[in-house]
Amino acid sequence: MRTEIRIAGFGGQGVALAGYILGKAVTLHTGLQAVMTQSYGPEARGGASSASLVVADERIDYPFVERPDVLVALSQEAHDRFAPLVKPAATILIDIGLVTGKNGANQFGLPATEIAEQLGRRIVANVVMLGFLTRFTALVDRDGMEKTIESSVKPGTVTLNLEAFDRGYCYDRETITPERSGIDE
Amino acid sequence: MRTEIRIAGFGGQGVALAGYILGKAVTLHTGLQAVMTQSYGPEARGGASSASLVVADERIDYPFVERPDVLVALSQEAHDRFAPLVKPAATILIDIGLVTGKNGANQFGLPATEIAEQLGRRIVANVVMLGFLTRFTALVDRDGMEKTIESSVKPGTVTLNLEAFDRGYCYDRETITPERSGIDE
Amino acid sequence: MNVYGRTPLDLGAMRIARGQVFLIPRRCKGCKICIAFCPQQVLRESDAVNAVGYHLPEVVPGKENSCVHCAFCTMVCPEFAIFTLEVAA
Amino acid sequence: MNVYGRTPLDLGAMRIARGQVFLIPRRCKGCKICIAFCPQQVLRESDAVNAVGYHLPEVVPGKENSCVHCAFCTMVCPEFAIFTLEVAA
Amino acid sequence: MAVAQLVESHPLDPLIRAGRMPHIWCPGCGIGIVMRCFATAILDSGIPQEKHVVVSGIGCTGRVAGYMELDSYHTTHGRALPFATGLKLAQPDLSVTVFSGDGDLVAIGGNHLIHAARRNIDLTVICVNNFNYGMTGGQAGPTTPFGSRATTAPYGNPELPFNLPFLLAASGAAFVSRWTSLHVRQVIRDIGLAFKKPGFAFVEVLSPCPVGYGKSNHLDEGLDEMNLYREHCVLYDETVPFDALGIDLSQNRPIYVGKIVDRDLPPFQPVRLESET
Amino acid sequence: MAVAQLVESHPLDPLIRAGRMPHIWCPGCGIGIVMRCFATAILDSGIPQEKHVVVSGIGCTGRVAGYMELDSYHTTHGRALPFATGLKLAQPDLSVTVFSGDGDLVAIGGNHLIHAARRNIDLTVICVNNFNYGMTGGQAGPTTPFGSRATTAPYGNPELPFNLPFLLAASGAAFVSRWTSLHVRQVIRDIGLAFKKPGFAFVEVLSPCPVGYGKSNHLDEGLDEMNLYREHCVLYDETVPFDALGIDLSQNRPIYVGKIVDRDLPPFQPVRLESET
Amino acid sequence: MTRRTVLTGTHFMHGDHACAEGAIAAGCRFFGGYPITPSTEIAERLARRMPEVGGVFIQMEDELGSIASILGASAAGARAMTATSGPGLSLMLENFGLGVMMELPIVLVNIQRGSPSTGLPTLPGQADVMQAKWGSHGDYEIIAYAPSSPQEMFDLTVLAFNMADRYRVPVVLLADEVIGHMVERVVIPPAEAIEHWPRKKPDESPNGPLPIFRPDPEDLVPPLAHAGAGYRVHFSGLTHNEYGFPAMSPDTHHQLVSRLVEKIQRAGPDISRCESYGLDDAEIVVVAFGCTARSARQAVDLARREGIRAGLLRLISLWPFPDHLFSEGVGRAEAFVVAEMNLGQVRREVTRVVSQPVIGVHHAGGAMIQPAAILNAVQEVAHGGRAAR
Amino acid sequence: MTRRTVLTGTHFMHGDHACAEGAIAAGCRFFGGYPITPSTEIAERLARRMPEVGGVFIQMEDELGSIASILGASAAGARAMTATSGPGLSLMLENFGLGVMMELPIVLVNIQRGSPSTGLPTLPGQADVMQAKWGSHGDYEIIAYAPSSPQEMFDLTVLAFNMADRYRVPVVLLADEVIGHMVERVVIPPAEAIEHWPRKKPDESPNGPLPIFRPDPEDLVPPLAHAGAGYRVHFSGLTHNEYGFPAMSPDTHHQLVSRLVEKIQRAGPDISRCESYGLDDAEIVVVAFGCTARSARQAVDLARREGIRAGLLRLISLWPFPDHLFSEGVGRAEAFVVAEMNLGQVRREVTRVVSQPVIGVHHAGGAMIQPAAILNAVQEVAHGGRAAR
Ligand SMILES: Cc1ncc(C[n+]2csc(CCOP(=O)(O)OP(=O)(O)O)c2C)c(N)n1
Ligand SMILES: Cc1ncc(C[n+]2csc(CCOP(=O)(O)OP(=O)(O)O)c2C)c(N)n1
Ligand code: SF4
Ligand code: SF4
Ligand code: SF4
Ligand code: SF4
Ligand code: SF4
Ligand code: SF4
Ligand SMILES: [Mg+2]
Ligand SMILES: [Mg+2]
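Protein sequences, first through last, are from chains A, B, C, D, E, F, G and H.
Residues 0 to 184 (the working numbering) are what the first sequence spells out, left to right.
Residues 0 to 184 (the working numbering) are what the second sequence spells out, left to right.
Residues 179 to 267 (the working numbering) are what the third sequence spells out, left to right.
Residues 179 to 267 (the working numbering) are what the fourth sequence spells out, left to right.
Residues 1067 to 1343 (the working numbering) are what the fifth sequence spells out, left to right.
Residues 1067 to 1343 (the working numbering) are what the sixth sequence spells out, left to right.
Residues 488 to 876 (the working numbering) are what the seventh sequence spells out, left to right.
Residues 488 to 876 (the working numbering) are what the eighth sequence spells out, left to right.
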């Protein structure tokens, strides 16, 4: 079993941290292996940002994501660039506040940034998304994710992040309808 | 035929120039080949100085002087260091004003620096020595040496140098006697 | 529209200090520097975004004639994205 | 003779400013700096040369008692070749 | 959209590689502003565009060479100045500008900087000082104020920064000025003066790097740092001693800007023999 | 032989590698004088000899490391300062002196010099300035006066030299002084002060290189240059502006000597965390 | 972040950070560096960590300064390291040679990016292999290890410090951008389980001039006396005798340089590290290192599934080149396939030491060589479709 | 001294001076350097000569500056050169790679001394051979010539400039202290007899962005537009496309780097220079270069006198390594004896390309290898006394 996950967005959205937390949870709280890689602009400046994760039940040799099983898109640019590259049956998760996705059975969304703003810190949208993702994938259980979040975020922000995770995890799971996604068709 | 010549003294005595003039004269005015090498202190500073010349009637491969056929010693240190290394039948020429040589059939001297001082420039002692040497070795004829000197020294000093050469060339050739050489025996 | 040289020939003769704001949307990165330093506060952030999601500046409604063509926005825009040209008052 | 430390113990107690000049011949390079800068002009170039042919300084005859142990020659010799020690007047 | 007319090109496009726009610099980065000043100064200089050459090192600022429609050389980190020196001496009729970052010119390139200034090589140098290494992600550098944060100074920078005008004056530069990316007219003017100055002319332009220096030091947007300049800049005059020209952005100290050195010193000329020797 | 007593050893021999004497320096070279001052200052410092370390680069002056009976490092050309920086920071209780030539410290090593001064690393630097590269045979360097001759400046040096005290002051050194090899007492005193100064202390000592600089510039013997110092040196005081400190040996201009900078700036300290973060 | 010295436990860790933690765990207490992608994260991690463990972090003005500073720190007794990438390493080479000549232990990390020149700053390369051995002027031998995972970034950094101290030699950790920027499981052992080989100290007490560079005849490594230890040592980059003093003679030079080379060559088997994967019966031996070895392993698995007797010889140590591994005979090797993200540097070495055909799978850099490309080559060899050498 | 540009005539000339005169004769009008023994005389000669011929002599602050300055001068259209020795070359390597990547013609003279590190400043070495090819990070190919006499110091300097321009590549003149400091007959031909291969200029007129780095398919060398010529070119050390602009893709990178390598490798036979001496019937082939070749020739003569069928293959070009010379078969070679003043750098290459036994005669440096040492090895091989490889 090899599962490929890509989380993509802009610099500053915590894309790398989301990938890191997920990979760490896999590593510490499952029997699975995980490898995370990132893509960079010139030298190491900001801009578009993406984190890729390979999870498998055996040694992972080739570490890069080639055709994701799961795509998490936090920006339109990221969505448009990466959605065409996913596996046929892949799951696509989007922040419906920022991204206009294509309608489809495997595309799900929640307004992660909006929820984060409700919690008072836009920056935790990534963790909201992680909660949402945890429900959609059977990689790590809720407990493992929560423990990992606790040990990965700044001490003062643990409660906030756990709350964000919970909001994403419990978000009413529904397929994006043309109406909700606001697509011009 | 391979003739090895070493001219040795202190920095500032024009040892290199003497070697150069001789080698140049051989190159331009005889059918022979000549190679000159020098030895250096740390990096390239002053101090002891020596120039070595190999002259041959065929291509010279190995360019270094191993056992000189002719040694010209312009300082005591140079004499003491190099005299033991000459070929058994080698000719040793010394500045008897500066060097106390060992008595021997093949050792000849003239007070080159003294003569140069008489001419007004201590610095031409090397050319006095070249004149002396030209008489002792059949490498280059007087004419070739003179032409070479003309084209090698600073324009304003040609006459002086030719005079110096002449004094050396015409110096009364005599074997060093214990008396003249001032050796403690 | 194509703009050549620094001052288009056909406008060169005019001397009335009023400006028209021009914008190259794909270059703008929404940094708001033009907005902040316009001495006449002619500009504001608009809702419109370009292809990469940056909010473009726009002329504040009602200030269509307030630009004095001081060119500060032009000079201070890091993106060669905004400029003004002199127009008849 | 072996000299240790900066001021030998046995001479340390003495306070009369008169010096004896010492020279390490194999170190001297005959630069004449000690000679030129001795405030009492105690030194001069001698005829004696060391093994490598440098002319050594010597005390000017008649000035054997003129050294005031100012140590300037000691300090200015590039070769650690000359020094003075205080002696009883 | 209201009354900003949307167009496809810019009056300065003939001076830049318009086809490569938008450039790679982050939103709010000041480098583009300084490049624009450079473009304008070239236009104003009266020297034909093909006689201007730009040489950059490596860094965000170093990318300027790739964006100017000039003969342009994007060299290695720190070596723009000696490259430009060779170029200029081999073709003295060209107007050669070195356009690079503080890290490039003053950290790794520091030796070339002081020596080119000492020799008074006839070059224009535009140094975008954004108080850090932008390109590699916001590390501290020799211009980072004491105590400021950076990715390699997470507890505050333990080093004192250079005072560049002082350093350049001591090294021998013929012309030294300092402005910020807010002082666009002055920057244009001084780049123009630098083109004309025979000898080494150095124009320091303080400039926001919101993604590097800004992020670590509560200047999240380029605008914030531009506002800081507006508040703290004070015009230099000759009563200000050199050592007051140091910069500490976090404190309420004045940032002196202005033309600081403009003196006549012989520019470097390779030796030429006129007659037989 | 008259009344100079001939002996085999010197009172300072315990401080030097007496077995390696005579050293390689030419007759009349001033480096030995400066080394002697260094040895005396060590003796006077009260710091045990084994806590003194000397680091040199490459050059005639760089050979000092091989002649001092200290832990001594003869590094590569120009890199003595960063080597010494690492050594000092790794063992802060040692008194570390960099003893090297003008070419080594200011030409190839110039970047390390200005940055070590800027950081105010707690080092003593003794720079023997003999106005040229002695070791390689008398080439021009960044201290060679304008117009002077050298083997690479046969028609006269076309470059302006550095004014080292000005450069060091601008770079951030805590202590800067300049003397000549004739000012032995002052050199000894200032090296002693440099040992004590927390931060970067720079002592420039002008010194004859008769075989290099001297030969090309009518100063055939070391003595000639020493006499020139005697005639031209003028004591610095605070009314002398920095840019008057430049040197032109051929002209009748004063050579200012003295303690030029002595100020309290925080010396570089690696960051240490005292408590949990 | 806790302030522990050794972060014992299981982590999901960035390769560059694992290297930094390996250094701290190995007792490195001096880092002098200059930022360069993709090594900068090592410096950034150590800027945070050194102050926590009482070590020194200093960002130097350039790479010339960086390497000089760690040599100085090493001379003072510290375990010292720098980290860079190709362009930076090219600037360090003169003092790299000084480290060899002074026999000062240092660790130099090169996270390789696409080269030559500025090349591809954020993308991987493996083309600095030959440079590590031949970059500085003259003959010398150094040690180089090539990690294939963040775990090895940790482990081999520790080993690098130990080897540097044991052989008094610069050790290069020759990683690549893929490994440096990859995040993966890293298990850090308890502090007491981390080996720490001490430097050899002089026996004699510090008294009078010592032949401090006289080698131990056993391993040709002389003891190392630190600054401040009272020995009044002299270190020089000039050719020197056993007292450390300059000795400008051809004989001394030949002896010294030969010893410096031989001390490492002789220790080849001790220094050498490799991993064999399916080599026992392998007829086609894939040789790879660093990130490419990961693709190579996958290619070997795929080939095996097709019934091809392939195996992997993963080189962990690249210098001194492990000639002995090949001369001992590798599996039943009938051919070698060398896969590397360069135009044939290790292949050149393999060609030198084996007589079988050697096929290269090369790419100049920018992206990891994919398993399929290696599989392809293996298949072609297996089916006789590709000419050798 | 006259002010002529080309000093036509017969001279008794210092090797370093012959190099300087070669440069002037070749039209070099820019020298940027930093003194270092034993190359300093080149700079000193040019400090005197450049002002006479209207060229630029500048002494830079260090070697990093020296090489950067000549790259800049080359970009401006000048034939430009620097001269140094091992330690200086080690400092030039980053910009050496830039020269390769920007394809700027330069000539770099290395008068080799005893190395590594500061080594033996005034004594000879030949141990920087591998460095010339592998010193900068990444894969690349350059050209290197090794003169064996002052005459060749002149001739090969001229050739180096021509090759640099023809192939847009840095060319290294890899001499040694013996040859650099030796004075011997040098014959300088009349100015019109000195070849001057022009740089390839772009065909198109300067108008709009040009694919200025698009190679000529014939020789893979793109034309070169100089600063000020109106083309508004862009040169970068980053991986770039044919317009010169950065293009961060693995494919572009592979294409670019492969082309840079191939343009030189393909031209191997054009670039290659060697001298055969008694090779026709040689069973034992001595391979040597630079000063050692002089001893080798003498050794061959001596061996012949003893009836041993020995010959000399003198390598004049060292890089690209002339594999073709060996693969074509050399004489009736049964064994090779490689003599060089290093610990086996060229031997390593010869071993790579031949199947016969290869015996090395090596010395780390400081003094020329004597004919007797080479003769000895030849004798041992002839009489079967020495093990191979
Ligand atoms: C030899 C070398 N060392 C390090 C680097 C990495 N590097 C690239 S840009 C840069 C710093 C740039 O800083 P600055 O010049 O201030 O430019 P900015 O990005 O801030 O405009 C560094 C360290 C490199 N490319 N080459
Ligand atoms: C990298 C390098 N470049 C050049 C040299 C040659 N070199 C040795 S010493 C020296 C100059 C020394 O000048 P300075 O430091 O002034 O010392 P001095 O000999 O005058 O005391 C040079 C250029 C070298 N050894 N290494
Ligand atoms: S030209 Fe001046 S007034 Fe007009 S919009 Fe721009 S900044 Fe405002
Ligand atoms: S300054 Fe330029 S980039 Fe910034 S908002 Fe205005 S138009 Fe856009
Ligand atoms: S101690 Fe003073 S007075 Fe005595 S000889 Fe020396 S310099 Fe002269
Ligand atoms: S100063 Fe020293 S070296 Fe010079 S003459 Fe006097 S004793 Fe001799
Ligand atoms: S990192 Fe900083 S300097 Fe670089 S482009 Fe972004 S804002 Fe500008
Ligand atoms: S060359 Fe100059 S600096 Fe060197 S030892 Fe001789 S006089 Fe002193
Ligand atoms: Mg910057
Ligand atoms: Mg000097």
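Quick reminder that beta carbons are idealized off the backbone N, C-alpha and C, glycines included.
Since this is a predicted model, take the numbers as computed values, not measurements.
Keeping to the same chain, check which residues put their C-beta closer than 6 Å to that of G/Asp757; ignore five residues upstream and five downstream.
In the seventh sequence, residue 757 of chain G corresponds to position 270, counting from 1. Counting only Cβ-Cβ distances below 6 Å, and skipping sequence neighbours, we find nothing.
Closer than 8 Å: C/Asn228 CB and nearest ligand 9 heavy atom
In the third sequence, counting from the first residue as 1, residue 228 of chain C sits at position 50. Because no heavy atom of ligand 9 lies under 8 Å away, the Cβ of C/Asn228 does not count as near it: no.
Continuous beta strand (DSSP E) assignments of at least 3 residues falling wholly in the stretch 780 to 810 of chain H:
Whole beta strand (DSSP E) segments, 3+ residues: 797 to 802, 804 to 806.
What are the residues that DSSP puts in a beta bridge with F/Trp1245?
Against the sixth sequence, residue 1245 of chain F aligns to sequence position 179. As computed with DSSP, F/Trp1245 is found in a beta bridge with F/Val1271.
Within chain D, the residues that F/Glu1270 reaches when beta carbons sit closer than 7 Å:
For the purposes of this step, residue 1270 of chain F is taken as the residue at position 204 of the sixth sequence. Correct list: empty, because the minimum Cβ distance to chain D is about 18 Å.
Own chain, CB closer than 7 Å to G/Pro522, minus 5 neighbours either side, in chain order
For the purposes of this step, residue 522 of chain G is taken as residue 35 along the seventh sequence, with counting starting at 1. Leaving aside the five residues that flank G/Pro522 on each side, the residues in its chain whose CB is nearer than 7 Å to its CB run, in chain order, Ala530.
Starting from the C-beta of F/Gln1205, find all residues in its chain whose C-beta is less than 6 Å away, skip the five residues before and the five after it, and write them out in chain order.
What you label residue 1205 of chain F is simply residue 139 of the sixth sequence in a count that begins at 1. So the list reads Tyr1199, Ala1216, Thr1217, Thr1218, once near-sequence residues are dropped.
From this set, E/Pro1332, E/Gly1258, E/Ala1146, which residue's C-alpha is nearest H/Leu551's C-alpha?
For the purposes of this step, residue 551 of chain H is taken as residue 64 along the eighth sequence, with counting starting at 1. For H/Leu551, the nearest C-alpha among the options comes from E/Ala1146.
Chain G residues whose Cβ lies nearer than 7 Å to that of H/Ala854:
Here the question's residue 854 of chain H lines up with position 367 in the eighth sequence. Counting only Cβ-Cβ distances below 7 Å, H/Ala854 has contacts in chain G at Pro737, in chain order.
Under 9 Å between C-beta atoms of A/Val139 and A/Tyr170:
Position 140 of the first sequence holds residue 139 of chain A. Position 171 of the first sequence holds residue 170 of chain A. Cβ atoms of A/Val139 and A/Tyr170: not closer than 9 Å.
Starting from H/Pro608 and walking both ways along the beta strand (DSSP E), at which residues does that stretch end?
Sequence index remark: in the eighth sequence, residue 608 of chain H carries index 121 (1-based). Residues 607 to 611.
Nearer than 8 Å: is that true of the beta carbon of D/Leu234 relative to any heavy atom of ligand 6?
Within the fourth sequence, numbered from 1, the residue matching residue 234 of chain D stands at position 56. At least one heavy atom of ligand 6 lies closer than 8 Å to the C-beta of D/Leu234.
Note down, in chain order, every chain H residue with its Cβ under 8 Å from the Cβ of F/Ile1174.
Taking the first residue of the sixth sequence as 1, we reach residue 1174 of chain F at position 108. Correct list: Tyr521, Glu548, Asp549, Glu550.
For G/Gln857, would you say it is in contact with chain A, using Cβ-to-Cβ distances shorter than 9 Å as the test?
For this step, residue 857 of chain G is matched to residue 370 along the seventh sequence. Taking Cβ atoms only, chain A reaches closer than 9 Å to G/Gln857, which makes this a yes.
Host alpha helix (DSSP H) of C/Pro256 (start-end):
On the third sequence, residue 256 of chain C is found 78 positions in, with the first residue counted as 1. Note, C/Pro256: premise wrong, no alpha helix (DSSP H); not H, not E.
Distance check for G/Gly606 and H/Pro733, CA to CA, integer angstroms please.
Looking up residue 733 of chain H in the eighth sequence gives position 246. Looking up residue 606 of chain G in the seventh sequence gives position 119. If I take the Cα positions, the gap works out to 9 Å.
For D/Arg222 and D/Val238, which I take to be in contact (beta-carbon distance under 8 Å), what is that distance rounded to the nearest angstrom?
The count along the fourth sequence starts at 1 and reaches residue 222 of chain D at position 44. The count along the fourth sequence starts at 1 and reaches residue 238 of chain D at position 60. Taking 8 Å as the upper bound for CB-CB distance, D/Arg222 and D/Val238 are in contact here, some 5 Å apart.
What's the C-alpha gap between A/Phe135 and G/Gln866?
What you label residue 135 of chain A is simply residue 136 of the first sequence in a count that begins at 1. What you label residue 866 of chain G is simply residue 379 of the seventh sequence in a count that begins at 1. Their backbone Cα atoms lie some 40 Å apart in a straight line.
Give me the subset of the stretch 222 to 252 of chain C whose CB atoms are less than 9 Å from a CB atom of chain A, sorted by chain position.
Of all residues in the stretch 222 to 252 of chain C, those with a C-beta nearer than 9 Å to a C-beta of chain A are Ala229, Val230, Gly231, reading in chain order.
Check the DSSP bridge columns for G/Asn597 and list the partner residues they point to.
Here residue 597 of chain G is taken as the residue at index 110 of the seventh sequence, counted from 1. In DSSP, G/Asn597 forms a bridge with G/Thr571, G/Leu661.
Report the neighbours of B/Ala137 on chain H: residues whose CB is nearer than 9 Å to its CB, in chain order.
Here residue 137 of chain B is taken as the residue at index 138 of the second sequence, counted from 1. Residues of chain H passing the Cβ test: none, with the nearest at roughly 19 Å.
Spell out the partners DSSP gives E/Tyr1133 in its beta bridges.
For the purposes of this step, residue 1133 of chain E is taken as residue 67 along the fifth sequence, with counting starting at 1. The partner list for E/Tyr1133 (beta bridge, DSSP) is empty, contrary to what the question assumes.
Which ranges would you report for the beta strand (DSSP E) in the stretch 12 to 42 of chain A if only whole runs of at least 3 residues count?
Unbroken beta strand (DSSP E) runs of no fewer than 3 residues, entirely contained in the stretch 12 to 42 of chain A, are found at 32 to 38, following chain order.
Run through DSSP, which three-state label would B/Ser48 get?
If you number the second sequence from 1, residue 48 of chain B lands on position 49. Per DSSP, reduced to three states, the secondary structure at B/Ser48 is strand.
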